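Notes for the one structure printed next.
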Amino acid sequence: MEDMLFLEQLNPQQKKVCIEGNNILLKACPGSGKTRTLTYKLAYIIKKYELSKKINIAITYTNRAADEIRERLEKMDIPEDKVWVGTIHQFCLEFIIRPYTMYHNRLKKGYHIIDEYVQSQYVDEIVKNLGIDMGYNKPFDFPEIVNKYEEKLLAEKEIDFNDILKISFELVKTCPFIAENIGGVTRSILVDEYQDANELQYGILGCIVSANKKILLTFVGDTDQAIYGALGGIAKTSKELELEFGVAFKEEKLDGCYRTTQRIIDYYSNFQLKYDPIYAVSEIKNEMGCLVYNNTINKTDLFEGIAQIVKRQISEGIPENEICIIAPQWWLLFPLSKQMKTLLPNVKFDAPDITPIKYDPMNVFFLFARLLFTEPGKKTWIRKKIANEIVKILSEEYKIELHEKVDTYMILKVVNSLLCEKENGLDYLQRSIIKFFHIFGVNLSQEQLLQRSYESFIAKINDRVQRYDLSTCIDTFKQCFKEKEGVVINTFHGVKGEEYDTVIAFGILNGYIPHWDTIIRQSKQYREDETKKLLYVVCSRAKKNLYLFSEQGRTTTKGELLTSTDEMHAIEFEFDEFQ
């Protein structure tokens, strides 16, 4: 079939996965073309059943991964009405919570999803009122805090991020027709990074598949990259999936790495929990590259050393966006980011700038701000998607009755008409929000939930501006939504799924990796496994060059020196010298 010629671009393993008619558990090593295979499988199913009105669902772990799949499908001219791509939380909102709010007591009179800023405010207030001494514990370790927090959410008609999954599971479990309705319109479900899914996520999908066992399932991931165990992530075996879903699974594997050199593969394979050979099939597979591990440099010299590496890599022709600097936590990266811009003033950095507006794609005011402060006419499909989401949130979460003529086009037309003057960005944002809702006949002061959400959104901006001494000019607000370019600065967890010619990682110290929480609360075996998985992810991001640092001079709050991560010493490897 001519319209299936795109399959010829795949290797035999990838093609086999795409055309397989049975449910699959696919283990894909780093750089094996996992996302490409998943995208082509979606395209294959849609083209095979092009007359069908059923949808194909792809669930990703991040918004970034979802956007990548959407863009690839768009380039392949795959009809967007045949596929839905997004995170599990977005799936639950779109398919379960919004259409069936009337069947859950916490939703039927309206609800609002709070962010971590509001959550922390509530928790701080509860801790203060209860007079609890937290010590080294976390707030939700105390049952009395949990109870008071849940009471607060109920009273305010609010739900948090975790409630999205809990409520969705309750709905599909107690109202079987919901699972039947979703299952009836679904042809396939593909789950990316399945090893990071938790029990609730498996349970929700399990209910849907139980209602229609003809749904084709594909679970894709890598158990060695299961770095979200602390958040409940579970890498289930094929047998466990069969018990969960009541259907049979075939196991398949992608073991050819198109990303990196065999030398780097040989190194990071030491961090596999169970050895499984990985073979480099890239054009650079036989190159030596550079592989450095240094545990003698002092933290006072570290940033200068990293700057020299970046400078040298760029001089050798490596593009800025192919260089990545990472550390276990953000607080280690903020000073590095500032110092790099001083040491390398002519180099661009995709750095963790602190901006007035924090990323929050489930907040209607964040979505409005994103439209307001980004340029019309560019990435129109994303702007349409955002506008459509605004309409859904207002009508389905806040129960605001918009005029039937209010659609995506009208939302964008109104936002685009809100002319930007050279003034205070926060004032402009507030005035634009009021004007926007006035045009659509919505009086904020008469919509209690929406008004409270608006006040919280503005309060959060003011808090960030004051805490970090940020400017409120228009350009600062536009900066929140600009696509960044240059040398990437990110966390170990944040670069999962990414790849770079050169990776520079520092902070590989006991207490950071593994984190103190893991050291104190977990068994030695658990600690070792979690550390290996994170190091596996870190090292497998590199294509050719990998620099690892366990710097000297960092201390605990009591002044005790931190030591190199234990798992780094368990490996004998011929490293290059750090120059």
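The sequence shown lines up with residues 54 to 632 when you count with our numbering. Even glycine gets a Cβ: it sits at the ideal position worked out from N, Cα and C. Computed from a prediction, not measured in an experiment: that's the story for all the values here.
Host beta strand (DSSP E) of residue i (start-end)
i, result
"Glu305", "303–307"
"Thr49", "Lying before the first or after the last residue shown, residue 49 is absent from the chain, which here runs from 54 to 632."
"Val273", "269–274"
"Tyr553", "553–558"
"Ser241", "239–244"
"Phe634", "Shown here, the chain extends from 54 to 632; a query on residue 634 therefore has no answer."
"Leu344", "343–347"
Element boundaries [alpha helix (DSSP H), containing residue i]
i, result
"Phe214", "214–227"
"Ser485", "478–492"
"Ile573", "569–574"
"Val363", "352–368"
"Ile122", "116–128"
"Cys377", "Run containing Cys377: none in the alpha helix (DSSP H); it sits in the beta strand (DSSP E), 376–380."
"Cys592", "577–592"
"Glu620", "619–622"
"Leu386", "383–396"
"Phe148", "No alpha helix (DSSP H) contains Phe148, which DSSP labels as neither H nor E."
"Arg436", "433–445"
"Met463", "461–470"
"Gln315", "315–321"
"Glu293", "291–298"
"Leu260", "According to the sequence displayed, residue 260 carries Cys and not Leu. From DSSP, the alpha helix (DSSP H) with Cys260 extends over 252–264."
"Phe421", "417–425"
Exposed unless 16 or more other CB atoms sit within 10 angstroms - verdict on residue i
i, result
"Thr608", "exposed"
"Asp354", "exposed"
"Arg316", "buried"
"Ala1", "Because residue 1 is not part of the residues shown, which for the chain are 54 to 632, the question remains open."
"Lys624", "Residue identity check: residue 624 is Ile in the sequence provided, not Lys. Exposed, because fewer than 16 other Cβ atoms sit within 10 Å of the Cβ of Ile624."
"Met657", "There is no way to answer for residue 657, as the model of the chain reaches only from 54 to 632."
"Lys596", "buried"
"Ile573", "exposed"
"Thr618", "buried"
"Leu326", "exposed"
"Glu369", "exposed"
"Glu178", "exposed"
"His568", "buried"
"Glu375", "buried"
"Ile165", "Note on residue identity: the sequence assigns His, not Ile, to residue 165. Label assigned to His165: buried."
"Arg436", "buried"
"Phe298", "buried"
"Gln248", "buried"
"Met187", "exposed"
"Asp638", "Here the chain comprises residues numbered 54 to 632, so residue 638 is not present and cannot be evaluated."
"Gln499", "exposed"
"Tyr114", "buried"
Beta-carbon separation (whole angstroms), residue i vs residue j, contact threshold 8 angstroms
i, j, result
"Ile367", "Val400", "7 angstroms"
"Ser593", "Tyr311", "No, Ser593 and Tyr311 are not in contact; Cβ-Cβ is about 12 angstroms, not under 8 angstroms."
"Glu604", "Ile350", "5 angstroms"
"Gln483", "Ile511", "7 angstroms"
"Trp383", "Thr529", "At roughly 20 angstroms, the Cβ-Cβ gap does not stay under 8 angstroms, so Trp383 and Thr529 are not in contact."
"Ile122", "Thr92", "5 angstroms"
"Phe489", "Val467", "6 angstroms"
"Ile527", "Glu476", "7 angstroms"
"Tyr153", "Cys228", "7 angstroms"
"Lys68", "Leu60", "5 angstroms"
"Ile77", "Glu305", "5 angstroms"
"Leu396", "Phe356", "7 angstroms"
"Ile149", "Ile212", "Actually they are not in contact, since the Cβ atoms of Ile149 and Ile212 sit about 13 angstroms apart, beyond 8 angstroms."
"Asn441", "Thr427", "Asn441 to Thr427, Cβ: 16 angstroms. No contact."
"Asn64", "Gly309", "7 angstroms"
"Leu207", "Arg151", "Going by Cβ atoms, the distance from Leu207 to Arg151 rounds to 20 angstroms, so no, they are not a contact pair."
"Thr271", "Leu126", "The Cβ separation is near 15 angstroms, so there is no contact."
Worksheet item: Which whole runs of the beta strand (DSSP E) in the segment 168–214 are 3 residues long or more, in chain order?
Response: If only complete runs of 3 or more residues are kept, the segment 168–214 shows no beta strand (DSSP E) anywhere.
Worksheet item: For the segment 255–270 against the segment 118–136, are there 3 or more C-beta pairs whose distance is under 8 angstroms?
Response: Cβ pair count under 8 angstroms is below three, so no.
Worksheet item: Three or more C-beta pairs closer than 8 angstroms, one from the segment 548–560 and one from the segment 513–524: is that the case here?
Response: Judged by Cβ distances under 8 angstroms, the segment 548–560 makes no contact with the segment 513–524, as fewer than three pairs qualify.
Worksheet item: Are the segment 101–109 and the segment 238–247 touching by the rule of at least three beta carbon pairs closer than 8 angstroms?
Response: Yes, they touch.
Worksheet item: Can you find at least 3 beta carbon pairs, one from the segment 134–147 and one from the segment 210–221, that sit closer than 8 angstroms?
Response: The segment 134–147 vs the segment 210–221: in contact.
Practice prompt. Could you tell me whether the segment 336–347 touches the segment 91–102, where touching means 3 or more Cβ pairs closer than 8 angstroms?
Written response: The segment 336–347 makes no contact with the segment 91–102; the number of CB pairs closer than 8 angstroms stays below 3.
Worksheet item: Between the segment 375–388 and the segment 539–559, are three or more C-beta pairs nearer than 8 angstroms?
Response: In the pairwise beta carbon analysis, the segment 375–388 is classified as touching the segment 539–559: at least three pairs are separated by under 8 angstroms.
Item to complete: Please specify which runs of the beta strand (DSSP E), each continuous and at least 3 residues long, are wholly inside the segment 487–552, giving them in chain order.
Response: Unbroken beta strand (DSSP E) stretches of 3 residues or longer found wholly inside the segment 487–552: 540–544, given in chain order.
Discussion item. Suppose only complete runs of 3+ residues qualify. What are the beta strand (DSSP E) ranges in the segment 71–110, listed by chain order?
Written reply: Restricted to the segment 71–110, the beta strand (DSSP E) segments that are unbroken, complete and at least 3 residues in length are 77–81, listed in chain order.
Worksheet item: Between the segment 445–456 and the segment 385–405, are three or more C-beta pairs nearer than 8 angstroms?
Response: Verdict: no, contact absent.
Worksheet item: Should the segment 571–586 be regarded as contacting the segment 196–203, the criterion being three or more beta carbon pairs within less than 8 angstroms?
Response: They do not touch, by the three-pair rule.
Worksheet item: Contact between the segment 143–162 and the segment 178–198: three or more CB pairs below 8 angstroms?
Response: Two segments are said to touch when three or more pairs of C-beta atoms, one from each, lie closer than 8 angstroms; by this definition the segment 143–162 does not touch the segment 178–198.
Discussion item. Closer than 8 angstroms is the cut-off here; do at least three beta carbon pairs connect the segment 548–555 with the segment 530–539?
Written reply: The segment 548–555 makes no contact with the segment 530–539: fewer than 3 CB pairs, one atom from each, lie closer than 8 angstroms.
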